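Residue numbers (the numbering used here), protein chains in the order written: chain A, 86 to 744; chain B, 5 to 175.
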């Protein structure tokens with residue numbers, strides 16, 4: 086009965102979304118306050134119904150209801166409870182329900198917390214949000230019903246893919262979706278602004294928190310995914326330029342650009358039409374990611390059994406949202422008049438450079454991701470675009486971006502003084518040069534790229550700290566006065582420092598592991614030793630371990646260096662229900678480096694293939710990412726976002742008819 | 005020097021052109037040496053297509069062909085599209101799902117002696133899935149269109165939207 090209730094709740098949510106997507110929009114166009122007022126209860130109701138559907142699906146997984154097809158395919162009675170719950174979104178149908186649930190959550194939040202939004206803008210935003218909901222709920226109901234029953238029910242399920250039975254991956258999709266779907270808010274605000282025909286500082290102030298929240302979620306989601314890839318795939322790679330990764334990176338890049346251009350709209354009342362375009366494109370790229378992943382059009386995208394119908398459905402949604410959005414943009418954007426003028430060397434100019442580089446990087450990633458698809462479509466043969474391509478195009482664009490990131494925050498709005506800004510950065514520059522030279526010396530003519538990478542990371546950290554020191558006039562006025570200035574700063578100032586410094590730390594981690602990693606591979610008998618990066622690894626042999634739904638060969642190695650001792654237990658697991666083997670690497674970290682050991686195949690004579698890596702600085706990638714997210718959160722608590730936007734002048738008779 | 009609207013628009017256009025130009029230049033230079041074309045064992049045997057540069061080889065691992073040579077870390081095996089076999093050499097740990105009779109995609113270069121030296125071996129971790137390269141190789145070798153077999157009774161399982169890389173278990 087409960088699955089049917091869930092299904093029914095989904096259908097009701099679809100109907101409510103239809104109401105939410107039509108009446109408020111018409112009401113806003115005709116100035117009917119009561120029609121517009123429908124948006125609020127509809128948005129909250131839709132969220133409630135979807136929550137009900139989601140909980141119903143979760144219930145089916147938790148009690149292992151094997152009359153539900155989705156549970157049969159993705160669960161097993163012996164599966165640990167955590168993965169029964171996370172298994173709800175570990176499959177196509179369930180993850181779509183999570184997708185629309187988060188979409189409705191954002192809608193409900195606007196309905197509940199957007200009290201100070203002008204009623205027409207709010208009605209239009211919720212209306213657009215409702216239309217997106219209509220599209221995706223229809224998609225679920227028509228092609229991906231998670232509550233489908235099977236008759237006769239099997240005795241037990243086929244288990245969740247063992248690679249997904251992992252805490253890192255369990256929480257990766259919710260954050261990723263929070264990011265993807267969060268950008269729908271920016272999209273809805275952009276479309277609503279286009280319909281209204283006005284974009285002003287108040288609008289930017291409403292959009293920014295939603296974009297910031299989405300950006301935080303997406304950053305965390307991407308970081309969790311790469312962390313999972315690092316420890317689960319068994320060789321310590323953390324980024325593969327795989328199409329699915331690119332699908333999440335592209336909205337992140339344009340979302341980051343949006344985050345920064347929205348500041349310009351808010352503070353300087355300019356770059357409006359560009360910001361609107363970015364909002365449309367960012368959500369479009371989120372949808373493109375969804376399409377690429379679920380349609381299986383790309384080779385290395387993991388779509389195992391693909392239903393072409395689903396791909397076409399999402400493609401149509403993508404074309405409607407992106408095409409409709411861009412068409413409306415083309416009609417309405419010329420009406421948006423830019424405000425403040427500025428010189429090329431200014432904070433605005435710096436942010437434009439940031440935007441251009443981010444968008445260019447997105448374009449190159451897009452080309453690399455879609456090229457195999459296009460070539461195949463025109464009969465040019467099957468081809469794969471690998472990491473060398475992406476490294477060759479992405480790094481040259483990242484270098485100037487990072488350089489500009491250090492200088493930009495030092496420039497004044499409107500008209501900046503580059504020489505003064507550079508002068509204030511002398512301390513950062515000195516630190517960078519000294520440490521970079523030290524790095525060259527230490528690694529005796531180490532690769533140029535490595536030095537460049539280390540310098541870039543340090544530059545970001547040092548310039549972010551310098552910027553903060555400048556703000557509080559550290560060492561120029563008494564420390565107590567500096568401290569008072571520090572505590573008096575707006576939260577967004579802390580956010581800037583944290584986010585920029587966090588990226589610097591992450592870059593150091595990326596460079597450290599990419600350039601300086603060491604690797605040994607050896608066939609070892611128990612008692613034998615290998616040495617890597619100053620550590621001596623002693624192999625103690627392999628024993629059998631019984632897990633809840635797997636059996637495992639668990640190796641034991643002891644790593645020793647200067648009195649530091651770690652025990653490493655890499656495993657090879659066999660999941661009999663899913664008929665799959667997985668490799669569980671063992672990692673010991675000193676926070677400056679990781680020792681990473683994977684267990685290979687056994688030999689007939691009782692020896693085992695052991696592969697060990699030394700990954701310097703690798704934990705910094707995720708520490709840095711978390712600091713970036715923290716910066717986002719701190720910025721999100723800024724007073725001016727909490728208190729809300731300045732009151733708009735009355736719109737009065739200038740209400741535009743809807744397109 | 006505040007810019008007039010017109011001049012500002014020109015600067016905007018100029019910046020966009022620079023951005024696009026940079027992107028195009030980077031993409032074109034990078035494409036030159038980092039594209040890996042897909043080839044089947046038949047392509048290699050018949051030498052009907054250019055075989056220099058990086059290649060992705062797809063097919064099935066031939067039964068009883070996996071052999072360890074030398075120190076035991078290097079593996080040789082045959083990849084077949086049923087029409088022709090191609091010998092592949094690889095050093096390292098094979099992916100968990102690498103099995104005889106299963107689909108495999110190897111990436112690397114063809115040596116002058118005709119051995120395919122792979123630096124990457126990919127095996128899908130889902131038994132019901134067949135990589136498009138493998139399917140195409142078999143199809144071209146005269147097997148008709150192949151469709152990934154679905155598990156009996158229920159739809160084949162899908163695992164979506166986590167990480168692309170988890171489908172390709174990379175050694």
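For every residue, glycine included, the Cβ atom is placed at its ideal position computed from N, Cα and C. Small disclaimer: the values here were computed from a predicted structure and weren't measured.
Among the options, nearest to residue i - alpha-carbon criterion
| i | options | result |
| --- | --- | --- |
| residue 186 of chain A | A:151, A:260, A:117 | A:260 |
| residue 258 of chain A | A:212, A:540, A:176, A:585 | A:176 |
| residue 365 of chain A | A:163, A:265, A:439 | A:265 |
| residue 371 of chain A | A:269, A:409, A:415 | A:269 |
| residue 746 of chain A | A:499, A:518, A:412, A:542 | Given that chain A is displayed from residue 86 to residue 744, the structure contains no residue 746 of chain A and the question cannot be resolved. |
| residue 430 of chain A | A:242, A:478, A:498, A:597 | A:498 |
| residue 632 of chain A | A:649, A:651, A:624, A:658 | A:658 |
| residue 24 of chain B | A:289, A:189, A:441, A:199 | A:441 |
| residue 159 of chain A | A:100, A:241, A:509 | A:241 |
| residue 538 of chain A | A:94, A:490, A:484, A:581 | A:484 |
| residue 643 of chain A | A:637, A:554, A:652, A:575 | A:652 |
| residue 627 of chain A | A:639, A:325, A:468 | A:639 |
| residue 362 of chain A | A:339, A:377, A:378 | A:339 |
| residue 263 of chain A | A:182, A:331, A:311, A:277 | A:182 |
| residue 154 of chain A | A:353, A:112, A:142, A:163 | A:142 |
| residue 708 of chain A | A:584, A:645, A:648 | A:584 |
Opposing strand residues paired with residue i [DSSP bridges]
| i | result |
| --- | --- |
| residue 657 of chain A | A:638, A:668 |
| residue 32 of chain A | Past the boundaries of the shown model lies residue 32 of chain A; chain A is included only from 86 to 744, so the question cannot be answered. |
| residue 693 of chain A | A:609, A:687 |
| residue 105 of chain A | Residue 105 of chain A pairs with nothing; no bridge assigned. |
| residue 681 of chain A | A:672, A:698 |
| residue 82 of chain B | B:91 |
| residue 649 of chain A | A:646 |
| residue 120 of chain B | B:92, B:114 |
| residue 620 of chain A | A:617 |
| residue 41 of chain B | A:468, B:59 |
| residue 603 of chain A | A:699 |
| residue 631 of chain A | A:636 |
| residue 73 of chain B | B:78 |
| residue 107 of chain B | B:64 |
C-alpha gap between residue i and residue j, whole angstroms
| i | j | result |
| --- | --- | --- |
| residue 90 of chain A | residue 129 of chain A | 19 Å |
| residue 344 of chain A | residue 222 of chain A | 29 Å |
| residue 454 of chain A | residue 522 of chain A | 37 Å |
| residue 152 of chain B | residue 107 of chain B | Residue placement at residue 152 of chain B is flagged as unreliable, the pLDDT there being 38, under the threshold of 50; a coordinate-derived value is accordingly withheld. |
| residue 198 of chain A | residue 192 of chain A | 10 Å |
| residue 403 of chain A | residue 303 of chain A | 20 Å |
| residue 524 of chain A | residue 544 of chain A | 14 Å |
| residue 114 of chain B | residue 73 of chain B | 19 Å |
| residue 573 of chain A | residue 720 of chain A | 14 Å |
| residue 92 of chain B | residue 471 of chain A | 20 Å |
| residue 297 of chain A | residue 305 of chain A | 12 Å |
| residue 517 of chain A | residue 495 of chain A | 17 Å |
| residue 311 of chain A | residue 247 of chain A | 17 Å |
Closer than 7 Å: residue i CB and nearest the ligand NAD heavy atom
| i | result |
| --- | --- |
| residue 518 of chain A | What this structure holds is no ligand at all, so the ligand NAD is not there to describe. |
Contact set between the stretch 672 to 698 of chain A and chain B, restricted to residues whose Cβ is under 8 Å from the partner: The stretch 672 to 698 of chain A vs chain B, Cβ under 8 Å: 683, 685, 686, 688, 694, 696.
The stretch 124 to 136 of chain A touching the stretch 202 to 212 of chain A, judged by at least three CB pairs closer than 8 Å: They touch, by the three-pair rule.
Residues of the stretch 643 to 673 of chain A whose Cβ lies closer than 7 Å to any Cβ of chain B, in chain order: Of all residues in the stretch 643 to 673 of chain A, 664, 665, 666, 667, 668 have a Cβ within less than 7 Å of some Cβ in chain B.
Chain B contacts from the stretch 453 to 466 of chain A (Cβ-Cβ distance under 7 Å): Result list: 466.
Segment contact, 8 Å Cβ cut-off, at least three pairs: the stretch 560 to 573 of chain A with the stretch 593 to 601 of chain A: With the cut-off at 8 Å, the stretch 560 to 573 of chain A and the stretch 593 to 601 of chain A do not touch.
Contact between the stretch 692 to 700 of chain A and the stretch 610 to 622 of chain A (3+ Cβ pairs under 8 Å): Touching, yes, given that three or more Cβ pairs across the two stretches are closer than 8 Å.
Positions along the stretch 90 to 123 of chain A whose CB lies within less than 8 Å of some CB in chain B: Of all residues in the stretch 90 to 123 of chain A, none has a Cβ within less than 8 Å of some Cβ in chain B.
Members of the stretch 96 to 116 of chain B near chain A, C-beta cut-off 8 Å: Those would be 96, 97, 98, 100, 101, 111, in chain order.
Meets three-Cβ-pair contact criterion under 8 Å: the stretch 465 to 480 of chain A and the stretch 497 to 517 of chain A: With the rule of 3 Cβ pairs closer than 8 Å, the stretch 465 to 480 of chain A does not count as touching the stretch 497 to 517 of chain A.
Stretch-stretch touch, CB-based, cutoff 8 Å, three pairs: the stretch 29 to 40 of chain B with the stretch 63 to 70 of chain B: The answer is no - the stretch 63 to 70 of chain B does not touch the stretch 29 to 40 of chain B, with fewer than three Cβ pairs under 8 Å.
Segment contact, 8 Å Cβ cut-off, at least three pairs: the stretch 544 to 557 of chain A with the stretch 675 to 693 of chain A: Flag = no, the stretch 544 to 557 of chain A and the stretch 675 to 693 of chain A do not touch.
Cβ pair count under 8 Å reaching 3, the stretch 682 to 690 of chain A against the stretch 658 to 667 of chain A: Touching, no, given that fewer than three Cβ pairs across the two stretches are closer than 8 Å.
Near-chain A residues of the stretch 26 to 40 of chain B (beta-carbon distance less than 8 Å), N- to C-terminal order: Residues of the stretch 26 to 40 of chain B with a C-beta less than 8 Å from any C-beta of chain A: 26, 27, 30, 31, 33, 34, 35, 37, 38, 39, 40, listed in chain order.
Members of the stretch 477 to 498 of chain A near chain B, C-beta cut-off 9 Å: Correct list: 477, 478, 479, 481, 482.
Chain B contacts made by the stretch 133 to 156 of chain A, where a contact means CB separation under 9 Å: Residues 154.
Touch test, the stretch 272 to 292 of chain A against the stretch 331 to 338 of chain A, Cβ-Cβ under 8 Å, three pairs minimum: Two segments are said to touch when three or more pairs of C-beta atoms, one from each, lie closer than 8 Å; by this definition the stretch 272 to 292 of chain A does not touch the stretch 331 to 338 of chain A.
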